[in-house]
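Undergrad: Mind having a look at this structure? Questions to follow.
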Amino acid sequence: MAFTPDIAAIRFGEGLAPDIAPASSLDALLAQLKGPDLAAKAFPIEPFSNLHAEFANVSALQRASRRGRNGPDAEDLTKAYKAARRALNLRLQGAFAPTLSRSITSTQPFRERLTRFWADHFTVVGKNNLTRNAVPAYIEETIRPHIAGNFADMLKAVVTSPMMLDYLDQNISVGPNSRGAKGRRGLNENLARELLELHTLGVDGAYTQTDVRQLAELLTGLTTELGTGFTFRDKIVEPGGETVLGRTYGGGPPALRDVTAFLDDVARHPDTARHIAQKLAVHFTADSPDAGMVADMADVYLSTGGALVPVYEAMLRHPFAWDSFGQKVKQPLDFIASALRVLEVPPASLQRLNRTKRAAYIVTPMTAMGQKWFRPAGPDGWPEEAEAWVTPQGLAARIQWSMSAPSAFFRSLPDPRLFVGAALGDVADAQVKFAASAAETRREGVGLVLASPRFQRR
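Count the sequence shown with the numbering used here and you get residues 886 to 1343, in order.
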């Protein structure tokens, strides 16, 4: 099977849309990563750095409320804290509509898919309601600007992100022999371990527990400050040099450049190249991708020093990228986004949804399908295997949403006989065409198309 615009849109984009032409060639698909980020401009999401002052204010009001809970101003202090927290939460929830609107309307859908891939690769999960709702802000600032750049730059942005430092407890890690060690909790290895195991070398990479420990010591100093975000605090840096993967870093006065030097080196490691190539291939093509394609991608990664676009191109130009069509099951967010896209749900309709309707139409159904809104279970992100998504409960939830959600957005639905072509183009098979034409109602016909295996897979 060779490139077709319809397969490209379904497999590497957000799906087909009646009034948005799919990429006409591989070059056109790759060109979606060049030039301005049109969807981000059309539907802005606040970057995390815009929110430092608000988080600091909420934290200060919370402390004041706790200190004064037995005093004469206890009620006023509690009200002030709750009001500030509620205002920040509403501000963070403002990312909901833009996130979906980008998927629905984007003329650069490969960019959207890659953003979600890398956000999953560098998963963060907030530890409370506020930081859980701040994940889109983290993605906007830390992930999205780098998806068409160099892996090392994205890695450095992630490792110095306040969200990642908080999620993996780096903000409480202190060098045991540092000047600031007294009264602190000591060294925390979480970020060091996940950086090697998940973000770079992979679980089968050539590192040891000693490397994890030495890297954890090297990372001391990376922390966060309320109101300002990331900071490098030299007084909590473990003194002396640290040897990681056979090379020694530091040893002189504490400096952030020692950390970034390691990140540059590990980004160029052959195991990192293989790990990144494998993950991309698994996500976009098949749970068990062609070994030759993965090797080609890893070779390109190494030869370009971690430039990402050439790696994507190596994947797209390999025959397996197209021959394996249909082997991947859409994750719930991808499924819902592609359905809203082909239905042409207006962004204004999403913007008008209140919290109750957001939950009823999107968030709760996604959870029933097995995927909470930006809340994976752990730092390894969402599973890729089809078996994780093709479950009795998950399939039932997909069918129920397919049959009910379109009517929640539109009083009048499209003719299913036309809709099947709009949704699936040249990959529509005889079975789904028959189901669409034989449906007794438009609601049933549209639902059958969305619930069909052809639409659920890519």
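We treat Cβ as the ideally placed atom computed from N, Cα and C, and that holds for glycine.
Please read all numbers here as calculations on a predicted model, not as lab measurements.
(1) Nearest chain D C-beta to Leu-1103 closer than 8 Å, yes or no?
(2) Looking at the secondary structure, which residues open and close the beta strand (DSSP E) in which Arg-896 lies?
(3) Whole angstroms is fine: what's the gap from Ala-972's alpha carbon to Thr-984's?
(4) For Gly-1060, which of Glu-1102, Gly-1087 and His-1084 has the nearest alpha-carbon?
(5) Taking the CB atoms as reference points, tell me whether Phe-1340 and Ala-1320 lie closer together than 8 Å.
(6) As a quick exercise: from Leu-911, Leu-915, Gly-979 and Phe-995, pick the residue whose alpha carbon is nearest that of Ala-1022.
(7) Are the stretch 1318-1338 and the stretch 1295-1302 touching by the rule of at least three beta carbon pairs closer than 8 Å?
(8) Which residues mark the beginning and the end of the alpha helix (DSSP H) in which Thr-990 is found?
(9) Mind checking which residues open and close the alpha helix (DSSP H) that includes Leu-999?
(10) Which residue wins for smallest C-alpha separation from Ser-1063, given the options Pro-1124, Ala-1253 and Val-1227?
(11) On the CB-based measure, 16 or more other CB atoms within 10 Å of its CB, does Gln-1256 come out buried or exposed?
(12) Since Val-1009 contacts Met-1048 with CB under 8 Å, what's their CB separation in whole angstroms?
(13) What is the C-beta distance between His-937 and Thr-1113, in whole angstroms, given that I count them as a contact (C-beta under 8 Å)?
(14) With DSSP run on the structure shown, which of helix, strand or coil describes Arg-1107?
(15) Just to confirm my understanding: we take Met-1178, look at its own chain, exclude 5 residues before and 5 after, and list those with CB closer than 8 Å. What are they?
(16) Between Ala-902 and Arg-1226, how many whole angstroms is the CB-CB distance? I'm expecting something under 8 Å.
(17) Quick check on Lys-1215: buried or exposed, where buried means 16 or more other Cβ atoms within 10 Å of its Cβ?
(18) What residue from Val-1043, Ile-1247 and Gly-1034 has the CA that sits closest to Asp-1005's CA?
(19) At 4 residues or longer, what runs of the alpha helix (DSSP H) sit wholly inside the stretch 1228-1276?
(20) Kindly indicate the opening and closing residues of the beta strand (DSSP E) around Gly-1114.
(21) Within 10 Å of its beta-carbon, does Leu-975 have 16 or more other beta-carbons around it, so buried, or fewer, so exposed?
(22) Is the stretch 1091-1110 close to the stretch 1066-1081, with three or more CB pairs under 8 Å?
(23) Excluding the 5 residues flanking Arg-970 on each side, which residues of the same chain have their C-beta closer than 6 Å to its C-beta?
(24) Anyone know if the C-beta pair for Ile-895 and Val-1312 falls short of 8 Å?
(25) Pull up the distance between the alpha-carbon of Glu-960 and that of Asp-1149, whole angstroms please.
(26) Looking at the secondary structure, which residues open and close the alpha helix (DSSP H) in which Tyr-1134 lies?
(27) Assuming contact is defined by CB atoms lying nearer than 8 Å, are Leu-1015 and Leu-1076 in contact in what I supplied?
(28) Nearest by alpha-carbon distance to Ala-864: which of Leu-1335, Gln-947 and Ala-1245 is it?
(29) In three-state DSSP terms, what is Ser-1128?
(30) Nearest to Gly-1029 by alpha carbon, out of Ala-1180, Leu-923 and Ala-1290?
(31) So Glu-1325 is in the alpha helix (DSSP H); what residue range does that whole segment cover?
(32) Quick test of your reading: Thr-1249 and Val-1151, contact by CB under 8 Å. State the CB separation rounded to the nearest angstrom.
(33) For my contact list, Ile-989 and Pro-1232 are in at a C-beta cut-off of 8 Å; report their separation, rounded to the angstrom.
TA: Taking the geometry as given:
(1) Reference to chain D is not applicable here, since this structure consists of a single protein chain.
(2) Careful: Arg-896 lies outside any beta strand (DSSP E), inside the alpha helix (DSSP H) at 890-897.
(3) Computed Cα separation, rounded: 20 Å.
(4) Of Glu-1102, Gly-1087 and His-1084, the residue nearest in Cα terms is Glu-1102.
(5) Contact: no.
(6) Of the candidates Leu-911, Leu-915, Gly-979 and Phe-995, the one whose C-alpha sits nearest the C-alpha of Ala-1022 is Gly-979.
(7) Two segments are said to touch when three or more pairs of C-beta atoms, one from each, lie closer than 8 Å; by this definition the stretch 1318-1338 touches the stretch 1295-1302.
(8) The continuous alpha helix (DSSP H) containing Thr-990 extends over residues 981-990.
(9) For Leu-999, the enclosing alpha helix (DSSP H) covers residues 994-1006.
(10) Measuring from the Cα of Ser-1063, the nearest candidate turns out to be Pro-1124.
(11) By the neighbour-count rule (16 or more Cβ atoms within 10 Å), Gln-1256 is buried.
(12) The C-beta distance from Val-1009 to Met-1048 rounds to 5 Å, short enough to meet the 8 Å contact threshold.
(13) Taking a contact as a CB-CB distance under 8 Å, the pair His-937 and Thr-1113 counts as one, their CB atoms being some 6 Å apart.
(14) This sequence places Leu at residue 1107; Arg is not what is there. If DSSP states are grouped into helix, strand and coil, Leu-1107 belongs with the strands.
(15) Here the set comprises Ala-1166, Thr-1170, Ala-1199, Met-1200, His-1203, Phe-1205 and Ala-1206.
(16) Yes, Ala-902 and Arg-1226 are in contact; Cβ-Cβ is about 5 Å, under 8 Å.
(17) Buried, by the Cβ-count rule.
(18) Ranking the options by Cα distance to Asp-1005, first place goes to Val-1043.
(19) Listed in chain order, they are 1232-1237, 1240-1243, 1249-1254 and 1271-1274.
(20) Residue range 1114-1117 is occupied by the beta strand (DSSP E) that includes Gly-1114.
(21) Answer is exposed; the Cβ neighbour count stays below 16.
(22) The stretch 1091-1110 makes contact with the stretch 1066-1081: 3 or more CB pairs, one atom from each, lie closer than 8 Å.
(23) Excluding residues within five positions, the ones whose Cβ falls inside 6 Å are Val-943.
(24) Result yes, Cβ atoms of Ile-895 and Val-1312 sit closer than 8 Å.
(25) Looking at the two C-alpha atoms, the distance is approximately 52 Å.
(26) For Tyr-1134, there is no enclosing alpha helix (DSSP H); the residue is part of the beta strand (DSSP E) that begins and ends at 1132-1135.
(27) Note that the C-beta distance between Leu-1015 and Leu-1076 is not below 8 Å.
(28) Nothing can be reported for residue 864, as the shown portion of the chain is limited to 886 through 1343.
(29) Rather than Ser, the amino acid found at residue 1128 in this sequence is Thr. Of the three classes helix, strand and coil, the one that applies to Thr-1128 here is strand, per DSSP.
(30) It is worth fixing the name first, because residue 1029 is Arg in this sequence and not Gly. The residue from Ala-1180, Leu-923 and Ala-1290 with its alpha-carbon nearest to that of Arg-1029 is Leu-923.
(31) No alpha helix (DSSP H) contains Glu-1325, which DSSP labels as neither H nor E.
(32) In fact, because the Cβ distance is near 40 Å, the residues do not count as touching under 8 Å.
(33) Taking a contact as a CB-CB distance under 8 Å, the pair Ile-989 and Pro-1232 counts as one, their CB atoms being some 7 Å apart.
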